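First up is the structure itself, then whatever we jot down about it.
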Amino acid sequence: MDTQSTSPKWLKPVVEYGPIFVFFVAYYTSDLLTATAAIMGATAIALTLSYGYERKIPMMPLLTAVVIGVFGGLTLWLKDDMFIKMKPTIIQSLFGFILLGGLAFGKLFLKSVMGQMWNMTDWAWRTLTVRFSGYFFAMAMINELVWRTQSTDFWVNFKVFGLMGLTFIFIISQMGFIQRNAQEVEPTDSAD
Numbered sequence: 001m002d003t004q005s006t007s008p009k010w011l012k013p014v015v016e017y018g019p020i021f022v023f024f025v026a027y028y029t030s031d032l033l034t035a036t037a038a039i040m041g042a043t044a045i046a047l048t049l050s051y052g053y054e055r056k057i058p059m060m061p062l063l064t065a066v067v068i069g070v071f072g073g074l075t076l077w078l079k080d081d082m083f084i085k086m087k088p089t090i091i092q093s094l095f096g097f098i099l100l101g102g103l104a105f106g107k108l109f110l111k112s113v114m115g116q117m118w119n120m121t122d123w124a125w126r127t128l129t130v131r132f133s134g135y136f137f138a139m140a141m142i143n144e145l146v147w148r149t150q151s152t153d154f155w156v157n158f159k160v161f162g163l164m165g166l167t168f169i170f171i172i173s174q175m176g177f178i179q180r181n182a183q184e185v186e187p188t189d190s191a192d
């Protein structure tokens, strides 16, 4: 908690959304290959900023950076946009498998990432983990459907606005469950 209080409030949004904003602007001012190089550079800068302020790199942005590096590199090297279009599918699938894999080994990775925001029972975290995992798999399938059947312009808009919008709607849809379960667990006073 200490590290978060010393980090500037703008850091997390810049690290999470800065690269996608750079990608979108670069695509509409140039082309997909330029946008791919731009998101790779912006991701490296975002991780550097995160490390510079917090002396650590969050796992999810790091995993995303690795996938962007591999698939972005293939896109640029082979001059084939298929690889960058597959990146959201790979990332969403990885997140889904990581969450389910954690459950299989008794780990609540979602709780590790979001546990400071919501105080819930392990049962609630397991339920939420299954729901998030299902959401990630659904987003992977939707990305595959969109990039394989639609124009690149449509896919870029879907990637920037559609995926974010669907994520926002999904999280809002889970707030009732989170609030119901967060109320069940009070800060440890050992009243019972």
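Taking my numbering, the leading residue of the sequence shown gets 1, the next gets one more, and so forth. For each residue, glycine too, the CB sits at the ideal point set by N, CA and C. Nothing here was measured: the structure is a model prediction, and the numbers come from that model.
Handout entry: Close beta carbons around ALA35, own chain, < 6 Å, minus the five adjacent residues each side
Key = Cβ neighbours of ALA35 beyond the five flanking positions: PHE23, ALA26, TYR27.
Practice task
Taking only the alpha-carbon atoms, compute the straight-line gap between TRP147 and PHE154 and give it to the nearest angstrom.
Solution key: Roughly 8 Å separates the two Cα atoms.
Exercise for the section: Give, in chain order, every unbroken run of the alpha helix (DSSP H) that is at least 4 residues long and sits entirely within the stretch 102–138. Expected result: The qualifying runs are 109–114.
Handout entry: the stretch 121–130 / the stretch 162–181 touching (three or more Cβ pairs under 8 Å)
Key = Yes, the stretch 121–130 touches the stretch 162–181.
Practice task
May I ask you to verify whether the stretch 10–23 touches the stretch 40–53, counting CB pairs closer than 8 Å and requiring at least 3?
Solution key: Contact check between the stretch 10–23 and the stretch 40–53: three or more CB pairs, one atom from each, fall below 8 Å, which counts as touching.
Exercise for the section: For ILE57, name the three-state secondary structure that DSSP assigns. Expected result: In the structure shown, ILE57 sits in coil (DSSP, three-state: anything other than H, G, I, E or B).
Handout entry: Simplified DSSP assignment, three categories, for THR179
Key = According to the sequence shown, residue 179 is Gln rather than Thr. In the three-state reduction of the DSSP assignment, GLN179 falls in the helix class, which pools H, G and I.
Problem - the stretch 132–147 touching the stretch 98–108, judged by at least three CB pairs closer than 8 Å - result: In this structure the stretch 132–147 touches the stretch 98–108; the number of beta carbon pairs closer than 8 Å is three or more.
Practice task
Assign LEU145 to buried or exposed, taking buried as 16 or more other Cβ atoms, counted over all protein chains shown, within 10 Å of its Cβ.
Solution key: Per the 10 Å Cβ criterion, exposed.
Handout entry: Buried or exposed by the 16-neighbour rule on C-beta atoms within 10 Å, applied to VAL15
Key = By the neighbour-count rule (16 or more Cβ atoms within 10 Å), VAL15 is buried.
Problem - Length of the line joining the Cα atoms of GLY106 and VAL113 - result: Cα to Cα, the separation comes out at about 15 Å.
Practice task
Can you tell me which of GLN150, PHE168, LEU33 puts its alpha carbon nearest to the alpha carbon of LEU78?
Solution key: Nearest C-alpha to LEU78: LEU33.
Problem - Supposed close pair GLN92, ASN157 - CB separation, criterion 8 Å - result: Your pair GLN92 and ASN157 does not check out as a contact, with CB atoms roughly 18 Å apart and the cut at 8 Å.
Problem - Rounded straight-line distance, which links the Cα of LEU163 to that of ALA44 - result: In a straight line, the C-alpha of ALA44 is about 22 Å away from that of LEU163.
Handout entry: Reference MET139, options LYS87, ASP122, SER7, closest by Cα
Key = The option with the nearest alpha carbon to MET139 is LYS87.
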